[in-house]
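*Asks:* In our numbering, the protein residues as written are 4 to 130.
Even glycine gets a Cβ: it sits at the ideal position worked out from N, Cα and C.
I am attaching a structure below and will ask some questions about it afterwards.
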């Protein structure tokens, strides 16, 4: 099983806007998938029932802000699905540890939801 860790860049003066980091097994999933892209705003990505919340019906989650990707660069999408007590992200293609290509990751449902909820409490709500 993989582990999800969420962090956020708070925006100015460090970056032009607030954006979310998604670390899978300690690696920055978005940067490894597309070095010109940045994660979406935590209010959009981490809200209850939002794009990263798993359902039994697979869905595509856009995890980057399209307007923030460098010119000629596309965003990063992930296919999210719940299977029993496991959350699947698949249709991936990024270099993992040792530069092996990662096509799918699996998360324990309780760890995954706890991390998304922690991220929303810390950064997703209006202040």
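If you drop the 5 nearest sequence neighbours on each side, which residues of the same chain put their C-beta closer than 7 Å to that of residue 57?
*Replies:* Within the chain shown, the letter at position 54 stands for residue 57. Contacts found: 83, 84, 85, 90.
*Asks:* Please list the terminal residues of the continuous alpha helix (DSSP H) segment that includes residue 15.
*Replies:* Taking the first residue of the chain shown as position 1, residue 15 is located at position 12. Run containing residue 15: none; DSSP gives neither H nor E here.
*Asks:* Starting from residue 64 and walking both ways along the beta strand (DSSP E), at which residues does that stretch end?
*Replies:* Position 61 of the chain shown, counted from the first residue, corresponds to residue 64. First-last of the beta strand (DSSP E) with residue 64: 62-65.
*Asks:* Taking 8 Å as the threshold, find out whether the stretch 31-44 comes into contact with the stretch 96-112 through three or more Cβ pairs.
*Replies:* Result yes; three or more Cβ-Cβ pairs closer than 8 Å.
*Asks:* In the DSSP assignment, the alpha helix (DSSP H) including residue 116 goes from what residue to what residue?
*Replies:* Here residue 116 refers to the residue found at position 113 of the chain shown. Looking at the DSSP string, the run of the alpha helix (DSSP H) that includes residue 116 is 112-122.
*Asks:* In the DSSP assignment, find the unbroken beta strand (DSSP E) run with residue 91 in it and report its ends.
*Replies:* Walking along the chain shown from the start, residue 91 turns up at place 88. First-last of the beta strand (DSSP E) with residue 91: 89-98.
*Asks:* Return the CA-CA distance between residue 119 and residue 13, expressed in angstroms with no decimal places.
*Replies:* Here residue 119 corresponds to residue number 116 of the chain shown, with the count starting at 1. Here residue 13 corresponds to residue number 10 of the chain shown, with the count starting at 1. Whole-angstrom Cα-Cα distance: 17 Å.
*Asks:* CB residue 49 to CB residue 115, shorter than 8 Å?
*Replies:* Looking up residue 49 in the chain shown gives position 46. Looking up residue 115 in the chain shown gives position 112. Result no, Cβ atoms of residue 49 and residue 115 do not sit closer than 8 Å.
*Asks:* DSSP three-state label for residue 30, please.
*Replies:* Within the chain shown, residue 30 is the residue found at index 27, counting from 1. The answer is strand: DSSP assigns residue 30 an E or B state.
*Asks:* Identify every residue that forms a DSSP beta bridge with residue 23.
*Replies:* If you number the chain shown from 1, residue 23 lands on position 20. For residue 23, which the question treats as bridged, DSSP gives the partners 11.
*Asks:* List the endpoints of the continuous alpha helix (DSSP H) containing residue 46.
*Replies:* In the chain shown, the residue the question calls residue 46 occupies position 43. It spans 45-48 - the alpha helix (DSSP H) in which residue 46 sits, taken as one unbroken run.
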